[in-house]
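From first to last, the protein sequence lines are chains S and B.
Per this note's numbering: the first sequence = residues 333 to 540.
Per this note's numbering: the second sequence = residues 333 to 540.
From the three backbone atoms N, C-alpha and C, an ideal C-beta is built for every residue, glycine too.
Predicted, not measured: the structure shown is a model, and the values here were computed from it.
Notes for the one structure printed next.
There are 2 protein chains.
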Amino acid sequence: MDKNKSTTEERILEAAKKVFHSKGFDGARMQEIANEAGVNKSLVHYYYRNKDTLFNAVFEDAFGRLLAKLNEVILSDNTFVSKIELFLNFYITFLSQNSYLPLFVLNGLYEKPEQIKSMLAKKKISPEKLMDQLRNQVREELHIDIEPFHLLINILSLCVFPVLAKPLIMTIFGYSNDQLGQFYQERQTTVPEFILNALKGYEQNHSK
Amino acid sequence: MDKNKSTTEERILEAAKKVFHSKGFDGARMQEIANEAGVNKSLVHYYYRNKDTLFNAVFEDAFGRLLAKLNEVILSDNTFVSKIELFLNFYITFLSQNSYLPLFVLNGLYEKPEQIKSMLAKKKISPEKLMDQLRNQVREELHIDIEPFHLLINILSLCVFPVLAKPLIMTIFGYSNDQLGQFYQERQTTVPEFILNALKGYEQNHSK
DNA sequence: ATATGGTTTAACCAATTGGTCAAAATTACA
DNA sequence: TGTAATTTTGACCAATTGGTTAAACCATAT
Chain S
333 MDKNKSTTEE RILEAAKKVF HSKGFDGARM QEIANEAGVN KSLVHYYYRN
383 KDTLFNAVFE DAFGRLLAKL NEVILSDNTF VSKIELFLNF YITFLSQNSY
433 LPLFVLNGLY EKPEQIKSML AKKKISPEKL MDQLRNQVRE ELHIDIEPFH
483 LLINILSLCV FPVLAKPLIM TIFGYSNDQL GQFYQERQTT VPEFILNALK
533 GYEQNHSK
Chain B
333 MDKNKSTTEE RILEAAKKVF HSKGFDGARM QEIANEAGVN KSLVHYYYRN
383 KDTLFNAVFE DAFGRLLAKL NEVILSDNTF VSKIELFLNF YITFLSQNSY
433 LPLFVLNGLY EKPEQIKSML AKKKISPEKL MDQLRNQVRE ELHIDIEPFH
483 LLINILSLCV FPVLAKPLIM TIFGYSNDQL GQFYQERQTT VPEFILNALK
533 GYEQNHSK
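This is the structure in structure tokens:
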């Protein structure tokens, strides 16, 4: 509702994020987005032709952000463990402010899988490159030869799922928001440790 | 559409599952559910008062199934590793037939977190009991004292997320359905190994 | 001043949607 | 067989929703 600063187009996009993130495509109402932005509904159509266009803008913004960060971290100049810590840290802090975002992205991926490829192309992200980077780094740092695909998925699982399952955790174990925050805090050290231990186990079995 | 066998009430519920699972609450249409069941739309309202009632029935069925299985496996008479394998196996095979289900449940949990508690009560599932079981078993089998909460979340993450992220995996890495099936197959041995290795790492640091 | 261009609004519309209701069809049962 | 209860249907409705359009607004340049 704060009309100060920022163009109306930006305010509309921000409002759209807020509504789409929490209610999804079908649950979102163009009128609600207009209200949230403090403008007439027609203005929303003026800047973004229709609901689909607006949704795509919101989705690309969200998915692009997550993808870009993952890419940036993996290709950065850090140790393997540092990278996990970095990604975890970003993910947890960023998403404490945008708690609906991961589920929103996941839903979007189900509905429009094609978008993934165009997004990868636009951001010039190469999955193969990421995998190579991962494989090489694990080999050089930990002297372990490993198929990096399962490892990548495992890392992502351990980082992303606990954020996705937030309501499950809160309700089942009766956590308050503060307790949940502490839980995520603990994971910043717990998860890298867990992964590193798992990899060291492979050392005995698979390395030469 | 198969009117054979099963009461109309059951056919309506099955149709509702199909539609709600793939389109969510807001995306689902009562008319589509009626068509899918091969009955008049009014019949849907006759058996299930309104959309909310029908959705709740579908959600409870889905969430209840997953929860019951998790409970059954954890409390069963198996080794720690066997339990992980069992749960993984159930999860992967069951969900290859119901690929929309985990995301559906996750969305439902966001929208109606209260349902979790009533479901736990109805199925007489005690989270504390599960955690105790897990802690004791890890202590007795692996001689490791560990706070079981993070472990439980880690196991769930490694089992559930790769299924949730199906479209991401398929598109990013250009997997066919067959290749994806093989990937899940591999995880049946890969994941228990990963977890066990991680835990063995803790042995050196935390056990006495 | 006024013409011009982009910006914003109010009024409106066609289509959709969840839900109702009374009547018809079918079943149960005396 | 007749009749009461249950199940199924078609017609209908009020409300909602995405989207359109023409007019109003407003800054800026001439």
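Close-in-space but distant-in-sequence residues of the same chain around residue i (CB under 8 angstroms, 5 per side omitted)
i, result
"S/HIS492", "Checking the sequence shown, residue 492 of chain S turns out to be Val, not His. The answer, listed in chain order, is TYR423, PRO434."
"S/GLU535", "LEU474, HIS475, ILE476"
"B/HIS538", "For B/HIS538, the predicted structure reports a pLDDT of 47, less than 50, and the residue's modelled location is therefore unreliable. A value from the coordinates is still provided. Contacts found: ILE476, ASP477, ILE478."
"S/LEU512", "LYS498, ILE501, MET502"
"B/LYS335", "Here the model assigns B/LYS335 a pLDDT of 37, short of 50, so the residue's position is not dependable, and the following value carries that caveat. Excluding sequence neighbours, B/LYS335 sits near ARG343, GLY370."
"S/LYS456", "none"
"B/LEU452", "LEU399, SER458, PRO459"
Separation of residue j from residue i, as counted between CA atoms
i, j, result
"S/ASN372", "S/GLN447", "30 angstroms"
"S/SER458", "S/LYS449", "10 angstroms"
"B/GLY533", "S/GLY533", "7 angstroms"
"S/THR340", "S/ASP384", "19 angstroms"
"B/ASP477", "S/GLU346", "47 angstroms"
"B/GLU472", "B/PHE412", "10 angstroms"
"S/TYR516", "S/SER508", "12 angstroms"
"S/ALA497", "B/LEU438", "7 angstroms"
"B/LEU418", "B/LEU402", "10 angstroms"
"B/SER338", "B/PHE481", "42 angstroms"
"B/ARG519", "S/ARG519", "23 angstroms"
"B/SER374", "S/GLN514", "50 angstroms"
"B/PRO524", "B/ILE416", "6 angstroms"
"B/ASN486", "B/GLN363", "41 angstroms"
"S/ASN430", "B/THR522", "33 angstroms"
"B/TYR380", "S/GLY440", "30 angstroms"
"S/LYS355", "S/TYR442", "16 angstroms"
"S/HIS368", "S/VAL376", "Note that residue 368 of chain S corresponds to Glu in the displayed sequence, not to His. Using only the alpha carbons, I get a separation of about 11 angstroms."
"B/LYS540", "B/ILE504", "Here B/LYS540 scores only 35 on pLDDT, less than 50, and its place in the model should not be relied on; the value that follows carries that caveat. Distance between the alpha carbons of B/LYS540 and B/ILE504 is about 45 angstroms."
"S/PHE526", "B/VAL470", "15 angstroms"
"B/TYR425", "S/LEU490", "In the sequence under discussion, the amino acid at residue 425 of chain B is Thr, which differs from the Tyr named in the question. Computed Cα separation, rounded: 22 angstroms."
"B/ASP510", "S/LYS444", "21 angstroms"
"B/ALA530", "S/LYS454", "37 angstroms"
"B/TYR378", "B/GLY396", "24 angstroms"
"B/SER408", "B/ASN382", "39 angstroms"
"S/GLY506", "S/ASN468", "42 angstroms"
"S/LEU488", "S/GLU404", "15 angstroms"
Own chain residues within Cβ distance below 7 angstroms of residue i, not counting five before or after
i, result
"S/PHE387", "PHE352, PHE357"
"B/ALA360", "VAL351, PHE352"
"S/ALA394", "LEU433, PHE436, VAL437"
"S/LEU484", "MET463, LEU466"
"B/ASN421", "GLN520"
"S/LEU528", "VAL413"
"S/ASN410", "LEU418"
Close-in-space but distant-in-sequence residues of the same chain around residue i (CB under 6 angstroms, 5 per side omitted)
i, result
"B/ALA348", "ILE365, LEU386, VAL390"
"B/ILE406", "LEU462, GLN465"
"B/VAL495", "LEU427, PRO434"
"S/GLU392", "none"
"B/MET333", "Legend: pLDDT at B/MET333 = 38, less than 50; position of this residue unreliable, value from coordinates given subsequently. Same-chain partners within the cutoff: GLY370."
Extent of the continuous alpha helix (DSSP H) run through residue i
i, result
"S/ARG343", "340 to 359"
"S/ILE365", "362 to 369"
"B/ASP464", "459 to 474"
"B/GLY396", "383 to 407"
"S/PRO499", "498 to 504"
"S/TYR378", "373 to 379"
"B/GLU443", "433 to 443"
"S/GLU417", "412 to 429"
"S/LYS454", "446 to 454"
Of the residues that make up the segment 403 to 420 of chain B, which ones have a beta carbon closer than 8 angstroms to any beta carbon in chain S?
-> Against chain S - using a Cβ distance shorter than 8 angstroms - the segment 403 to 420 of chain B contributes no residues.
According to a CB-to-CB cut-off of less than 9 angstroms, which residues of the segment 481 to 505 of chain S neighbour chain B?
-> PHE481, HIS482, LEU483, ILE485, ASN486, LEU488, SER489, LEU490, CYS491, VAL492, PHE493, PRO494, LEU496, ALA497, LYS498, PRO499, LEU500, ILE501, MET502, THR503, ILE504, PHE505
Would you list, in chain order, the members of the segment 419 to 443 of chain S that have their beta-carbon closer than 8 angstroms to a beta-carbon of chain B?
-> TYR432, LEU435, LEU438, ASN439, LEU441, TYR442
Could you list the residues in the segment 518 to 529 of chain S with a C-beta less than 9 angstroms from some C-beta on chain B, going in chain order?
-> GLU518, ARG519, THR522, VAL523, GLU525, PHE526, ILE527, LEU528, ASN529
Taking only beta carbons into account, state which residues of the segment 447 to 464 of chain S come closer than 8 angstroms to chain B, listed in chain order.
-> ILE448, LYS449, LEU452, PRO459
Determine which residues of the segment 341 to 368 of chain S have a Cβ less than 7 angstroms from any Cβ of chain B, and write them out in chain order.
-> GLY356, ASP358, GLY359
Relative to chain B, which residues along the segment 368 to 393 of chain S have a C-beta separation below 8 angstroms, given in chain order?
-> Residues of the segment 368 to 393 of chain S with a C-beta less than 8 angstroms from any C-beta of chain B: none at all.
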